[in-house]
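Undergrad: Pasting a structure here, questions to come.
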Amino acid sequence: MSTETGPWLLRLGAPPEPGAPAPDAPALAPPAPPPAPGGPARGALPPDTLGLALAGGGIRSATFCLGVIQALARAGWLRHVDFLSTVSGGGYTGGFLGRFFDLSGKRDGVTGAIPTAAGGAGQERVARDLVDSRSEPITWLRRHSNYLSPTGHGEFATNLAAFWRNLTSVYVVLAALLLAAFGVLNAIAYWYPEGPAAAAIGEVVAAVTPVTGAFQYRTPWAVLAELVVWLAVLPLGLAYWLVSQDLPETFLAPVLVAAALVAGAALVGGMSPLGLVVLAAAVLWSLAVWNAVRRDEGHNDPFNPTRLALARNVLTGWLTWWLGAALGLAAFAALDGLGRWLAWRMLQGGLTVPNVTEWFASVGGAVFGLVAALRAGLRFLVGESPRGASALAFSRPLLVGGLVVLLGAVPPLVGLAFVSHAAYALGDSYTQGLLFTGLVLAVSLLLGLRACVAFINRSSPMGIYASRLGRAFLGAVNPARRVHPDGPNVTHVVTGDDVPLAQYAPEAAGGPLHLINCAVNESIDVASQRGQRDRQAENLALGPAGVSVARGWHALWVPGGEGRALAPLADPREDKPHPFLAADGRPAPVEGLSLQQAMAISGAAVGPGMGRRTNRARALLLTLVNFRLGYWWDSGLNAAERANVARARGVLRLWRRLLRAFSTLFQSQALLLAELTGRFAGPWERYWNLSDGGHFENTGAYELLRRRVPFVILCDAGEDPQRYGADLARLVRVARVDLGAEVADVSPAAAAAAGAPDPIVHHLGALADLLASPARAHAALLLVRYPEAPAPAGDPWLGRTHTWVLYLKATVTGDEPADVLSYAVTHPDFPNEPTLDQMFDEPQWESYRALGAHIGGNLFR
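In the numbering used here, the protein residues as written are 2 to 862.
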């Protein structure tokens with residue numbers, strides 16, 4: 002069934018048109034005729050193109066997929082695989098296979114020999130070692146499957162040392178920046194200028210900040226917060242009602258007169274000019290919003306309802322921004338006040354170890370008591386009804402987030418404020434404080450240079466993760482390890498364990514074209530600065546020809562650019578955004594990556610950016626403990642250098658400029674702060690936060706369906722103990738939303754009618770059979786139908802109407818080998834053991850590999 006006629010999957014006929022007889026009836030069309038003598042249209046895929054998707058799931062998925070690939074090689078199907086699309090753990094094995102092919106077509110780094118590629122020699126060489134369970138590559142993988150800790154407990158000290166070094170370094174970078182911020186404001190607070198000008202400024206500030214003026218010490222944070230309230234928050238709230246709802250650029254007279262009367266009464270009766278200040282500021286904000294609407298709306302009809310609605314909308318947006326600024330400044334004022342109190346206690350001789358311990362204990366008790374009281378109060382308000390339980394479930398993340406902030410962020414910030422006040426000795430050592438502030442500011446500026454951005458990536462666990470992935474999976478096929486004195490030592494780095502993506506070409510030696518799927522985290526909308534609540538990530542596929550982002554953004558590697566320049570497939574004359582389209586038309590000078598880096602990024606499952614699972618509390622916690630398995634990739638273009646990108650307006654434009662100025666001066670710290678707050682701008686800033694491709698879609702089949710590959714084998718070993726089929730459901734959903742495609746289950750009878758051989762049909766089931774407990778089948782046939790596309794002259798790929806998907810799922814039905822069944826009996830979670838378990842022993846590794854080989858052996862005949 003896979004002889005000279007090719008795999009049976011490639012001989013399936015075209016499906017019936019919608020509305021034709023039921024699929025169970027033998028009415029499926031016969032196999033498609035061979036292509037015309039002239040071949041397929043230029044740029045189109047051949048009609049027998051086969052894609053292999055290896056899903057995510059850590060070492061569990063990697064080992065299962067290895068067994069499937071061995072079955073493909075044994076049946077002679079591997080040579081027919083044209084595309085290899087991998088995610089996360091599937092990418093471990095995908096990288097191993099791709100590198101195996103890649104080396105098969107290159108000069109041997111040990112002997113210097115050039116392998117022959119004639120007649121499929123490279124394919125035969127790879128297949129021969131894959132099917133031999135005692136071959137050097139397979140033996141290496143079996144021995145070093147516990148790649149995160151390759152020498153067992155002996156690596157614990159190394160891991161601990163690296164963790165401590167990286168965590169301390171991150172804290173030093175953040176601490177220097179925050180100390181500089183506290184120090185600069187303390188320099189203002191402890192500065193007592195003399196002269197009439199200084200006295201006049203002091204009187205004006207005191208007049209418009211009566212609340213903070215009532216305190217003995219006026220922290221600059223509190224003064225700024227009060228100024229924002231009087232000059233922005235209250236005036237913007239009043240301006241919304243001052244602006245006429247019916248007439249353009251007109252004040253509502255009754256509201257204006259009433260506000261003037263209240264301001265006059267406050268001036269006469271209370272001797273306070275604040276009322277007039279608020280009213281004057283409200284008038285100025287109203288004039289500003291009218292000017293903004295005239296500038297941004299674009300038409301000259303002052304009575305247009307859109308213009309009137311836009312004015313009110315802009316005022317509300319400004320109010321939201323300034324209110325957030327006031328609350329943030331007030332929070333820092335409280336933290337600064339606590340830090341100053343600690344410094345005062347120290348200078349008074351009262352800051353002893355017992356006192357500090359007692360203070361922190363009381364604060365901790367108060368925090369936990371407050372959380373318990375809030376939860377008890379909420380339960381009392383909502384009761385025990387189902388609706389109340391739902392409200393409690395909704396509030397739990399908020400309570401946890403508040404607790405993380407109180408325990409994870411407040412103590413360090415108070416401590417930094419204390420250090421800054423102590424450096425100034427509460428104003429008694431002003432020169433000493435200035436010198437200290439200048440020092441930490443200089444250190445922050447140096448660490449913020451773009452040249453230091455690499456530190457942000459190297460200080461995360463990503464470096465160790467990538468290196469060990471390379472040694473375990475790419476080292477398995479590295480010929481240099483056979484002759485190097487330390488080659489057998491998996492903890493030793495040997496040349497050839499990695500390769501730049503620009504030099505990685507498995508397709509050149511008869512292997513598949515490898516697409517490595519990652520996720521670009523996008524938790525905020527760049528134009529509005531609002532948080533995203535849906536996907537919070539887009540797919541990014543790295544391939545030998547170029548890069549694809551989301552559904553329709555593509556860019557090609559510039560020839561001779563060594564993987565460091567991308568030319569967008571976009572027409573600059575079209576008013577459409579593109580992540581790689583520069584305003585000046587030049588290629589984007591992107592950061593080059595290596596194969597092991599791409600594998601690690603594709604498998605960066607846990608970190609501040611986690612796609613739709615991103616939230617601020619988790620981001621804060623994971624950044625504080627430096628568990629940042631993501632990667633900041635330099636896309637080569639600053640936000641202002643991109644063409645046709647929506648720009649922020651009004652106060653948001655000012656905010657964007659401030660952020661851009663801050664990022665220019667403190668680029669490294671800006672990236673760390675983005676991780677702390679979980680704010681990622683997707684592919685529209687210079688640095689993209691990349692993480693596990695499963696944060697977008699975990700099966701790896703999305704890119705194959707987007708290309709409308711005619712035939713796909715999908716290997717799914719994702720963790721699914723409840724048999725929900727969540728990863729497949731996610732693929733079905735994004736295929737429908739993004740591609741307009743519908744994925745349907747094909748019954749075994751319909752598969753037989755389409756041309757599947759009877760021995761194969763016996764091993765196929767419906768999706769319900771795969772998701773049953775216990776499972777009744779290992780595989781199902783799926784049919785993907787695409788919407789009608791325009792004539793294929795522009796993009797021949799869009800001319801295809803359907804894709805056949807052979808879906809393999811890691812299940813146990815009772816027909817497996819004896820050792821696999823024995824392992825399943827003694828390990829009830831098999832084959833869905835937790836993805837957190839990344840250190841397999843030999844029985845565990847062999848059970849997953851044998852399961853994949855068994856399933857593939859029944860289907861690839």
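Think of the CB as a built atom: it goes at the ideal place given N, C-alpha and C, for glycine as much as any other residue.
Keeping to the same chain, check which residues put their C-beta closer than 6 Å to that of residue 461; ignore five residues upstream and five downstream.
TA: Hits under 6 Å: 629.
Undergrad: If I measure Cβ to Cβ from residue 677 and keep anything under 7 Å in the same chain, skipping five residues before and after, which residues do I get?
TA: Cβ within range, chain order: 620, 621, 624.
Undergrad: For residue 710, which residues from the same chain have a beta carbon less than 7 Å from its beta carbon, with the 5 sequence-adjacent residues on both sides left out?
TA: So the qualifying residues of the chain are 46, 50, 52, 84, 804.
Undergrad: Is there contact between the stretch 824-836 and the stretch 717-724, where contact requires at least three CB pairs shorter than 8 Å?
TA: The stretch 824-836 is in contact with the stretch 717-724.
Undergrad: Counting along the chain, where does the alpha helix (DSSP H) carrying residue 140 start and finish?
TA: Where residue 140 is concerned, the enclosing alpha helix (DSSP H) stretches over 137-144.
Undergrad: Compare the Cα-Cα distances from residue 473 to each of 431, 694, 597, 582 and report the closest residue.
TA: Checked all of 431, 694, 597, 582; the closest Cα to residue 473 is 597.
Undergrad: For residue 79, collect the residues of the same chain with a Cβ closer than 8 Å to its Cβ; drop the 5 residues on either side in sequence, then sort them by chain order.
TA: Within the same chain, residue 79 has close Cβ partners 70, 73, 124, 127, 128, 131.
Undergrad: Under 7 Å between the Cβ atoms of residue 814 and residue 56?
TA: Taking 7 Å as the Cβ cut-off, residue 814 and residue 56 do not qualify as a contacting pair.
Undergrad: For residue 765 and residue 746, which I take to be in contact (beta-carbon distance under 8 Å), what is that distance rounded to the nearest angstrom?
TA: At roughly 11 Å, the Cβ-Cβ gap does not stay under 8 Å, so residue 765 and residue 746 are not in contact.
Undergrad: Report the CB separation of residue 524 from residue 89 in whole angstroms; it is logged as a contact under 8 Å.
TA: Not a contact, Cβ separation roughly 20 Å.
Undergrad: So, are the CB atoms of residue 212 and residue 227 less than 7 Å apart?
TA: Contact: yes.
Undergrad: What did DSSP end up calling residue 14 once you bin it into helix, strand or coil?
TA: Here residue 14 sits in coil by DSSP.
Undergrad: For residue 129, report the span of its alpha helix (DSSP H) as first-last.
TA: 122-132 is the span of the alpha helix (DSSP H), which, as asked, contains residue 129.
Undergrad: Using the three-state DSSP reduction, which class does residue 691 fall into: helix, strand or coil?
TA: DSSP places residue 691 in strand when its eight states are reduced to three.
Undergrad: Taking all protein chains shown into account, decide if residue 789 is buried (16 or more other Cβ within 10 angstroms of its Cβ) or exposed.
TA: The residue is exposed, with fewer than 16 neighbouring Cβ atoms inside 10 Å.
Undergrad: Considering only C-alpha positions, which residue in the set 187, 279, 293 is nearest to residue 434?
TA: For residue 434, the nearest C-alpha among the options comes from 187.
Undergrad: According to the neighbour-count rule (16 or more other Cβ atoms, all chains shown, within 10 Å of its Cβ), is residue 233 buried or exposed?
TA: By the neighbour-count rule (16 or more Cβ atoms within 10 Å), residue 233 is buried.
Undergrad: What span of residues does the beta strand (DSSP E) with residue 773 cover, start to end?
TA: Segment: none, residue 773 is in no beta strand (DSSP E) and carries neither H nor E.
Undergrad: Nearest CA to the CA of residue 839: which residue from 421, 272, 60, 594?
TA: Ranking the options by Cα distance to residue 839, first place goes to 60.
Undergrad: Three-state secondary structure (DSSP) at residue 835?
TA: Residue 835: coil per DSSP, three-state reduction.
Undergrad: How about the stretch 494-510 and the stretch 656-666: do they share at least three Cβ pairs that are nearer than 8 Å?
TA: With the cut-off at 8 Å, the stretch 494-510 and the stretch 656-666 do not touch.
Undergrad: Looking at C-beta atoms only, is the number of pairs between the stretch 164-171 and the stretch 312-322 that lie closer than 8 Å three or more?
TA: Flag = no, the stretch 164-171 and the stretch 312-322 do not touch.
Undergrad: Going by the DSSP bridge assignment, what does residue 84 pair with across the sheet?
TA: DSSP, once it has assigned bridges, lists 52, 514 as partnering residue 84.
Undergrad: Using only CA atoms, which one of 477, 495, 491, 476 lies nearest to residue 485?
TA: Ranking the options by Cα distance to residue 485, first place goes to 495.
Undergrad: Would residue 645 be called buried (16 or more neighbouring beta carbons within 10 Å of its own) or exposed?
TA: Residue 645 should be labelled exposed.
Undergrad: Identify whether residue 1 lies in helix, strand or coil by the three-state DSSP scheme.
TA: In the structure as shown, the chain begins at 2 and stops at 862. Residue 1 is therefore absent and cannot be evaluated.
Undergrad: Look up residue 501 in the DSSP assignment and say whether it is helix, strand or coil.
TA: DSSP places residue 501 in strand when its eight states are reduced to three.
Undergrad: Please work out which residues of its chain come closer than 8 Å, Cβ to Cβ, to residue 825, disregarding the five sequence neighbours upstream and downstream, and give them in chain order.
TA: Answer for residue 825: 813, 817, 831, 832, 848, listed in chain order.
Undergrad: Are the Cβ atoms of residue 731 and residue 704 separated by less than 7 Å?
TA: Their beta carbons are not under 7 Å apart, which means residue 731 does not touch residue 704 by this criterion.
Undergrad: By Cβ distance below 7 Å, which residues in the same chain neighbour residue 784 in space, the five residues on each side in sequence not counted?
TA: For residue 784, where only same-chain residues beyond five positions count, the Cβ hits under 7 Å are 16, 745, 747, 803, 805.
Undergrad: Would residue 441 and residue 180 be called neighbours here (beta carbons separated by less than 7 Å)?
TA: Against a cut-off of 7 Å, the Cβ pair of residue 180 and residue 441 comes out as a contact.
Undergrad: So, residue 757 versus residue 770, is the Cβ gap smaller than 7 Å?
TA: It is not a contact, given that the beta carbons lie outside the stated cut-off.
Undergrad: Tell me which residue opens and which closes the alpha helix (DSSP H) that residue 743 is part of.
TA: Counting along the chain, residue 743 falls outside any alpha helix (DSSP H), though it belongs to the beta strand (DSSP E) covering 743-747.
Undergrad: Cα-Cα, which of 617, 584, 600, 608 is closest to residue 637?
TA: It is 584.
Undergrad: Please work out which residues of its chain come closer than 8 Å, Cβ to Cβ, to residue 243, disregarding the five sequence neighbours upstream and downstream, and give them in chain order.
TA: Counting only Cβ-Cβ distances below 8 Å, and skipping sequence neighbours, we find 252, 253, 256, 257, 260, 283, 284, 287.
Undergrad: Output needed for residue 38: all residues of its chain with C-beta closer than 8 Å, excluding positions within five of it in sequence on either side, in chain order.
TA: The pLDDT assigned to residue 38 is 38, lower than 50, so where the model puts this residue is not dependable; a value taken from the coordinates is nonetheless given after this. The answer is none, since no qualifying residue turns up.
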